[in-house]
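Let me begin by presenting the structure, written as structure tokens, before commenting on it.
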């Protein structure tokens, strides 16, 4: 294509209009983006961040380490986790950053991780349930659970319950669930929570994110008066590896869109950091946040009866033991 032809394309009024609109959207997005402005230190505090080897999980862990916290990186891939650990220690100067293995696709791994934390740690001030996946195929895990629902919901659900006793002993403490705006599109049904009857790839991710909020809200009710708060958040559309399981063409498209519109991992981590440290949310529980401020959650997410039923069904599906239920 000649230089003149290229010039003709970019001088076309429709192309110019489209570019103008995209630029305006980007400017608006940047202008409304939340930022955690709290300067609070976390010395003497212990924090767990799941999925901390990359993306917003790593940036959340890095920020909390910079504030002086003891940060536990809970990662499935120990090689990548070690690289993240070394990088965070180097960039923050905080050597109190440790790595434990956690594979949310295995309930035995979740239980082993919880046992390790309870044995090795004297306190837990913040649990950031950050790890998640998108675009996974419809298959069952080793536990017979739909794989994406296990990674995004059943695994974090069990993990949080197992760590409740330590969180209560460390109160005031905080539980943070990284959910998504996609929860607004969920058609989740309790009798199909594990996709026993039907499966929709389009709804799979949205259902898991609604389950996150329902869990956080039910926890807030169950933990009232204990000093442990539970909140959820949408980090924004972030340039992460969340969609690495998508087909190659879809990944290329998502990558190009990400470069124009999406937040960086650091920008996407701001609301997680805000909920972990900010004085503004001391004692606040059962709320949903976007860009470091409380936001509107869907009608389904506010349904207390649905939350209770999803909780009970989740207990059944993860085979919660009587001894584990004692933490509630």
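Residue numbers (this note's numbering): 5 to 332.
Glycine is no exception: its CB is placed at the ideal position from the N, C-alpha and C atoms.
Since we're looking at a predicted model, the values are computed, not measured.
Residue 177 beta carbon less than 8 Å from that of residue 232
Result yes, Cβ atoms of residue 232 and residue 177 sit closer than 8 Å.
What are the boundary residues of the beta strand (DSSP E) that includes residue 156?
Careful: residue 156 lies outside any beta strand (DSSP E) and carries neither H nor E.
Along the chain, where does the beta strand (DSSP E) that runs through residue 299 open and close?
Element bounds for residue 299: n/a, residue is neither H nor E.
Which ranges does the alpha helix (DSSP H) cover as unbroken runs of at least 4 residues, wholly within the region 72-131, from first to last along the chain?
Within the region 72-131, the complete alpha helix (DSSP H) runs of at least 4 residues are 82-96 and 111-124.
Take residue 46 as the anchor and find which of 225, 328 and 279 has the nearest alpha-carbon.
Measuring from the Cα of residue 46, the nearest candidate turns out to be 279.
Where do the ends of the beta strand (DSSP E) carrying residue 178 lie?
Where residue 178 is concerned, the enclosing beta strand (DSSP E) stretches over 177-182.
Three-way DSSP call (helix, strand, coil) for residue 237 in this model
It is a strand residue.
Start and end residues, beta strand (DSSP E) containing residue 268
Careful: residue 268 lies outside any beta strand (DSSP E) and carries neither H nor E.
Report yes or no: do the region 73-86 and the region 315-323 share at least 3 C-beta pairs separated by less than 8 Å?
Taking one beta carbon from each stretch, the region 73-86 and the region 315-323 have fewer than 3 pairs nearer than 8 Å; the two do not touch.
Alpha carbons only, please: which of 168, 95 and 62 is nearest the one belonging to residue 84?
Taking only the C-alpha atoms, the option nearest residue 84 is 62.
Residue 54 (DSSP reduced to helix, strand or coil)
DSSP places residue 54 in strand when its eight states are reduced to three.
What does the alpha-carbon distance come out to for the pair residue 331 and residue 136?
Spanning the two alpha carbons is a distance of roughly 24 Å.
Consider the Cβ of residue 59: report whether some Cβ of chain B lies at a distance smaller than 8 Å.
As a matter of chain content, chain B is missing from the structure shown, which is built from one protein chain.
Excluding the 5 residues flanking residue 73 on each side, which residues of the same chain have their C-beta closer than 6 Å to its C-beta?
The beta carbon of residue 73 lies closer than 6 Å to those of 46, 49 and 51 in the same chain, with the five residues before and after it left out.
Is the region 205-218 touching the region 136-156, taking contact as three or more C-beta pairs under 8 Å?
Because the criterion of three Cβ pairs below 8 Å is met, the region 205-218 and the region 136-156 touch.
Express the C-alpha separation of residue 188 and residue 300 in angstroms, rounding to a whole number.
The C-alpha of residue 300 lies about 10 Å from the C-alpha of residue 188.
Quick one: is residue 179 buried, meaning 16 or more other Cβ sit within 10 Å of its Cβ, or exposed?
Buried is the call here.
Return the bridge partner residues of residue 209 from the DSSP annotation.
When DSSP reads this structure, residue 209 sits in no beta bridge, so it has no partner.
Same chain only: Cβ atoms within 7 Å of residue 66, ignoring 5 sequence neighbours per side:
A distance below 7 Å between beta-carbons, with the five flanking residues on each side excluded, links residue 66 to the following residues of its chain, in chain order: 92, 95 and 96.
Would you report the Cα separation of residue 130 and residue 144, rounded to the nearest angstrom?
Using only the alpha carbons, I get a separation of about 31 Å.
Quick one: residues in its chain with C-beta nearer than 6 Å to the C-beta of residue 100, no 5 flanking neighbours on either side, listed in chain order?
Listed in chain order, the non-local C-beta contacts of residue 100 below 6 Å within the same chain comprise 74, local neighbours out to five positions each way being set aside.
Please classify residue 232: does DSSP put it in a helix, a strand, or coil?
Of the three classes helix, strand and coil, the one that applies to residue 232 here is strand, per DSSP.
In this structure, does DSSP put residue 221 in helix, strand or coil?
When DSSP states are grouped into helix, strand and coil, residue 221 belongs to the helix group.
Below 6 Å CB to CB, which residues in the same chain sit around residue 127 once its five sequence neighbours on both sides are set aside?
Here the set comprises 50 and 174.
With contact counted as at least three CB pairs below 8 Å, one residue from each stretch, are the region 282-301 and the region 218-231 in contact?
Of all C-beta pairs linking the region 282-301 to the region 218-231, three or more are shorter than 8 Å, placing the two stretches in contact.
Quick one: grab the DSSP three-state call for residue 292.
Strand.
Do residue 146 and residue 110 have their C-beta atoms closer together than 8 Å?
A distance below 8 Å separates the beta carbons of residue 146 and residue 110.
Is the Cβ-Cβ distance between residue 118 and residue 192 less than 8 Å?
In terms of Cβ geometry, residue 118 and residue 192 do not form a close pair [threshold 8 Å].
Coil, strand or helix - residue 307 by DSSP:
In this structure, residue 307 counts as coil in the three-state DSSP scheme.
According to DSSP, simplified to helix, strand and coil, what is residue 216?
Helix, per DSSP.
If distances are taken between C-alpha atoms only, which option among 138, 222 and 241 comes closest to residue 308?
Ranking 138, 222 and 241 by Cα distance to residue 308 puts 222 first.
Between the CA atoms of residue 123 and residue 275 - distance to the nearest angstrom:
Residue 275 and residue 123 have their C-alpha atoms some 30 Å from each other.
Can you give me the start and stop residues for the alpha helix (DSSP H) that residue 63 sits inside?
It spans 59-70 - the alpha helix (DSSP H) in which residue 63 sits, taken as one unbroken run.
In three-state terms, what does DSSP make of residue 133?
Here DSSP, grouped into helix, strand and coil, assigns residue 133 to strand.
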